[in-house]
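Asks:
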Amino acid sequence: MMQHIRGRNKLRSLFSVVLVFSLLLSSFQSIAFADDPTSLEIGTVSGNPGDIVDVPVYIYPGDYSIYGYQLNFTYNPNKLEPMPGVATNKWSTAIFDKGEITTSTEVYVNSSFGEEHRIKDGKQEVFVLHFRIKENAKEGSAHVIWNSGTFLGANEAIVGIELNTPGSVTINSSQGSGSGGSEPTKAQSPQITEQPADISVSLNDSSPLLKVVASVNDGGKLSYQWYRNTKKSVESGNIEPIAGATGSSYDAPTSTLGTTYYFVEVTNMLGNSSTTTPSTVAKVIVSKESWQDITGPEASFIGANGIAVDPNGTVYVSTSTKIMKRVNNEWVDISYVDDQADGDDEPQNYYTGLAADSKGAIYVSMYNNSAILKYNGSTWEKISNTGLSNPSHLAIDEQGQLYVVDGGDVIKTLVNGTWKNFGSIDSYIAGLAVAGGKMYVSNGVTVNMFWNGSWEEITPGVQFIMLAGMAADANGNVYVADGEGVKKLSNGQTTLMSTKADFDIPFGVALDSVGNLYVVDNMLGKAKKLILNAATPVIHTEPVELKVNQGSESPRLNVNATVSDNGTLSYQWYKNTENSVKGATLIEGATGSSYSVPTNQAGKVYYYVKVTNTNNVAAQNQTATVNTLIATVTVNSSAGSGNTGGGTSSGGNNSSNAGATPVVAPATNDAVIVLVNGKEERIGKSAASKEGDRTVTTITVDQKQLDTKLNSEAQGAVVTIPVSADSSVIIGELTGQMIRKMEDKQATLVVKTGNASYSIPAQQLDIDSISKQLGSTGTLEDIKLTLRIASPEAAMMKVAEDAAKQNAITPLAPSIDFTVKAEYAGKSLDINKFNVYVERSIALPEGIDPSKITTGIVTDPDGSVRHVPTKVTVENGKYFAHIYSLTNSLYSVVWHPLTFTDVENHWAKDAVNDMGSRLIVNGRGNDLYNPNADMTRAEFAAIMMRGLGLKPVDGHSPFADVKTSDWYHSAVLTAYDYKLIDGFEDGTFRPQEKITREQAMVILSKAMAITGLTDKLTGKGSDELLKPYTDVSLVAEWAKAGAATSLEAGVVSGRGAEQLAPKANITRAEVATIVQRLLKASGLI
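Read in order, the letters of the sequence shown are residues 38 to 1122 in my numbering.
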């Protein structure tokens, strides 16, 4: 429980100011210095060479109060020249100043009215610009474009121009037609209603989209041509047409540093007549400047109070009344709409907190409604608000535990559907973050860390100015936003990470899964991203070990790597005479993702490649490097007299081996890597072979060397056999004596491939039991034990595919077979049952949607499928499904969404649908679950079997009333086999009787022993745990221990604060909820 900490009284008033300021600031959708932005339009006129034309300038309607303007316009100097008067005012003004800017092709018009001029009744003409069409001007269009300036409001406040439409002068032909017939129809000038916008991006970032929206109403056909320029002009500078850029939008490149100007000419073609209108010029800045504006040209978050990023990198921004989601570089309003609202009396949404969990769910708090909302990617749902009053800041830890600040100064967490007090401070809380098992809380002036039961100020002596956002990572780095900017707090030091040019009032802070920093500005309405460190390259394919003949064609070593931050990958290959990176020699010119190994000299050479990601926009470390595994290449000496290398013939075979292909099988390699507590040890050998058409790689561990390494390690060592070979079957091989040694050291054995891993405590193998079952009369060294990770054989693959179709299940990754086998003197024993959950992990394909990962399943040879507890984690940007099971089999990761219509508004909706999707609970037909119905003892046994992922047991029933023909026969036997149930004294199980809550709690407490949850409890006495309930006297003596254990674990709660209701029948909704809680509390889902 978090301790109550007392703030500094002298700062209390400042804290109050901070809170009031924060609430006021975040409650406004828009904070502006003057009236809303205006829209400007320049008209289109026509004339002949030598004519004087008047180009009108209009302001669009709106509730504007205009006191003057200061505007600059550019024009085509090749076709137009300003008249001496330049412009004529259409409004009465106190001051009207106009003229040419002699150093450029611009004219200016400035005015002050001396009084308010309101624009409410349609667009109004403000003034006209006077130009003469030059005598030598050719037929076509000459453009007049607003270049800069603003309108002025009261007290000379700026009224920005949000939308402007360029004008043009259409120049007619100076020659008549001479035919006396009708003049051909002239094409209209395209009207551009949406202009390309200025944007700043970082080097090598995603290309920003420039676009225009244009139209004509004369039936003509529009075409587009984009241009780049070295200055902000459509007429002068180094203008270049962009090849292929002929659409209404253009993706500007970001590969070159600097500023580039872009515009597009929109041409209307009508018959033989055409007219062209250019867009305004957009400035694109590509720089090494760290902060990247991700707001886009069409979005603004003025009044923003929060930002969050899900594991996929999707950004969410909240204001007091809106939630926005960034999709394909555009923002979508996903704000919650309460269909059940009672009308005007319902409090308006007032969002005050925003956070994302590791599975992609988004949570927001609503201050006025005392509610927490959860967004699952498409829909919103309310989670329990029992115990909440006015929630604000949110934080979520790596395990998905949600924390909220309630009432301004109390931190609460959700426990069994109720928000319980976690702690409080003697001041308003201005920031909350949780990461790496630590909680960080700010009162607006200081930041304190709660860890191991005590508080510590992480930057002693440093005081912040109105702190209004905070995020933390698992390494103990904390990032905050205050009145001075964005700051990093690390190791007691404070580092400013932004300037005044970056932010005005930064108000929300978030970190994504790869460590990039996101901040939203309350005043400027901008969301920005900072890449802190270059991403570490992810190796997908390692170089493999080879064995070739001297003089044969050079084989290639390959590496496949990617990065997540748009950085640039580079490669450098190394070689060595020893199996180590120490003392390795750089290979000149070997800088690609592959390398051709020379075969001209016999011998053994060790190769690896260093992969480097360079990201010049990273704020801290701009490079990140990773080494591949070392690949051993053995070049065998050529045989026969033709060997110029001095080799001798053998067996009378004098033929040359020149041009021989690499040996595929069998092939061996000495001294491959085995990790002992993460340290690389060369104590394994690799052998390649085949099983039919499937390739097999076997890693054999050297017993003496492993003993030596384990002797130097403490208890609980982890021995990992990493295999980089791209084989269908991967085998880790040890002797029984090695297993005995690992049992004594309480060690864990891990076999790890590129797409899966298998982790098993050595004690679960029980080598003495294995020896007895095999009838071994020799030493343990004579027993061979293998851990095998394999793709299924074709026949079993077909079974899995058919089972998925039959059960409407969508596989998300290839199925993988995990097995353990012991062999001795020609006998073999499959080890397929363990006393604790054994972990397997399966890597999920790139681009997988984490919201579409439901669970792991087992497919048995008869085609039946069953749930196994599964949770998904993100490691270095890649998703892994961790599957926990008590047996070995064929495992798959699947998508199986299921919703029951009758729980849509039920308190147990989440649990019921989750357990249904995981194949744990079944409905009653027609998409109905019947949540409030009672459950039978047989149904409860079946759900516990499926929930725990137990393999069904067959055989003779120990209960007189459970027959082989009963549907629940196998479920009851399995529950009995795992000691979950005992039955009654008369030898019956009474499967059709309704199960009471106390009976369910006893069974549940036994399940907790299987999952390991019991070991995590403090073991409080039954009387203490049951005391709060007024009906405790109804709990049977035999049920008290089980009920107390279930309550202490938080898996079961009472029916209300004072009623345990032990004799009441448990409902189907309660069962789904307690099974979900059991699996979550045990860390299995």
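Ideal placement from N, C-alpha and C gives every residue a C-beta, glycine not left out.
#1: Roughly how many angstroms lie between the CA atoms of K268 and T351, to the nearest whole one?
#2: Using 9 Å as the threshold, is the C-beta distance between I236 and G333 below it?
#3: Alpha carbons only, please: which of G445, S426, I920, W456 is nearest the one belonging to L439?
#4: What residue range is occupied by the uninterrupted alpha helix (DSSP H) comprising E976?
#5: Cα separation between Y400 and D602?
#6: Quick check on V374: buried or exposed, where buried means 16 or more other Cβ atoms within 10 Å of its Cβ?
#7: Could you check whether A509 and A472 sit closer than 9 Å to each other, using their CB atoms as the reference points?
#8: At the level of alpha carbons, what is the spacing between D781 and D803?
#9: Hey, could you find the ends of the alpha helix (DSSP H) G953 is sitting in?
#10: Return the residue from the list R1027, Q500, A1080 that minimises the CA-CA distance to T1051.
#11: Based on Cα-Cα distance, which residue from T536, M534, N514 lies nearest to S527?
#12: Measure how close the beta-carbons of G715 and D739 come, nearest whole angstrom, since I'm counting them as under 8 Å.
#13: What whole-angstrom Cβ distance do A564 and F544 have, given they're in contact under 8 Å?
#14: For the beta strand (DSSP E) containing L923, name the first residue and the last one.
#15: Taking the C-alpha atoms as reference points, what is the distance between V1089 and T1033?
#16: Which residue spans inside the stretch 295-358 form an unbroken beta strand (DSSP E) run of at least 3?
#17: For L881 versus I894, is the C-beta distance shorter than 9 Å?
#18: Out of T936, T907, L822, W944, point me to the one whose CA is closest to S929's CA.
#19: Quick one: what's got a C-beta closer than 7 Å to S407's C-beta in the same chain, skipping five residues either side?
#20: Assess, as a yes-or-no matter, whether the stretch 112-124 is touched by the stretch 178-185 under the definition of 3 or more beta carbon pairs within less than 8 Å.
#21: Is the beta carbon of S148 less than 9 Å from the beta carbon of N126?
#22: Quick one: grab the DSSP three-state call for D939.
#23: Quick one: residues in its chain with C-beta nearer than 6 Å to the C-beta of A621, no 5 flanking neighbours on either side, listed in chain order?
#24: Taking the alpha carbon of F540 as the point to measure from, which residue in D558, P898, T531 has its own alpha carbon closest?
#25: Judging by CA-CA distance, which residue of S764, L504, V857 is the nearest neighbour of S796?
#26: Give the straight-line distance between the Cα atoms of D288 and F487, rounded to the nearest whole angstrom.
#27: Tell me, which residues are paired with F168 by DSSP?
#28: According to the Cβ coordinates, are V523 and L561 closer than 9 Å?
#29: Under the rule that 16 or more other beta-carbon atoms within 10 Å means buried, what is Q1036, buried or exposed?
#30: Evaluate L1181 with the Cβ neighbour count: other Cβ atoms within 10 Å of its Cβ, from every protein chain shown; 16 or more gives buried, anything less gives exposed.
#31: Count the other C-beta atoms from every protein chain shown that fall within 10 angstroms of the C-beta of S252, then say buried if there are 16 or more, exposed otherwise.
#32: Quick check on DSSP: helix, strand or coil for T814?
#33: Looking at C-beta atoms only, is the number of pairs between the stretch 268-282 and the stretch 358-373 that lie closer than 8 Å three or more?
#34: Classify T111 as buried or exposed, calling it buried when 16 or more other Cβ atoms lie within 10 Å of its own Cβ.
#35: Keeping to the same chain, check which residues put their C-beta closer than 8 Å to that of G215; ignore five residues upstream and five downstream.
#36: Can you tell me whether S901 is buried or exposed, with buried defined as 16 or more other CB within 10 angstroms of its CB?
Replies: Straight from the coordinates:
#1: 35 Å
#2: yes
#3: W456
#4: Under the DSSP assignment, E976 falls in the alpha helix (DSSP H) whose first and last residues are 974-984.
#5: 26 Å
#6: Classification of V374: exposed, given that the 10 Å Cβ count is below 16.
#7: yes
#8: 11 Å
#9: 946-954 is the extent of the alpha helix (DSSP H) around G953.
#10: A1080
#11: N514
#12: G715 to D739, Cβ: 19 Å. No contact.
#13: About 11 Å; that fails the 8 Å criterion.
#14: Counting along the chain, L923 sits inside the beta strand (DSSP E) bounded by residues 915-924.
#15: Looking at the backbone, the Cα of V1089 and that of T1033 are separated by about 13 Å.
#16: 295-307, 310-315, 319-324, 328-330, 343-346, 352-355
#17: Not in contact: L881 and I894 (Cβ atoms no closer than 9 Å).
#18: T907
#19: Sequence-distant partners of S407 (beyond 5 residues in either direction) whose C-beta falls short of 7 Å from its own C-beta, in its chain, are N422, L425, S426, N427, P428.
#20: yes
#21: yes
#22: Three-state DSSP puts D939 in a helix.
#23: Y611, N613
#24: Comparing Cα positions, the closest option is D558.
#25: V857
#26: Take the alpha-carbon of D288 and the one of F487: they are about 47 Å apart.
#27: V90, P119
#28: Not in contact: V523 and L561 (Cβ atoms no closer than 9 Å).
#29: buried
#30: Only positions 38 to 1122 of the chain appear in the structure, and residue 1181 is not among them; the question remains open.
#31: exposed
#32: coil
#33: no
#34: buried
#35: Residue placement at G215 is flagged as unreliable, the pLDDT there being 36, under the threshold of 50; a coordinate-derived value is accordingly withheld.
#36: exposed
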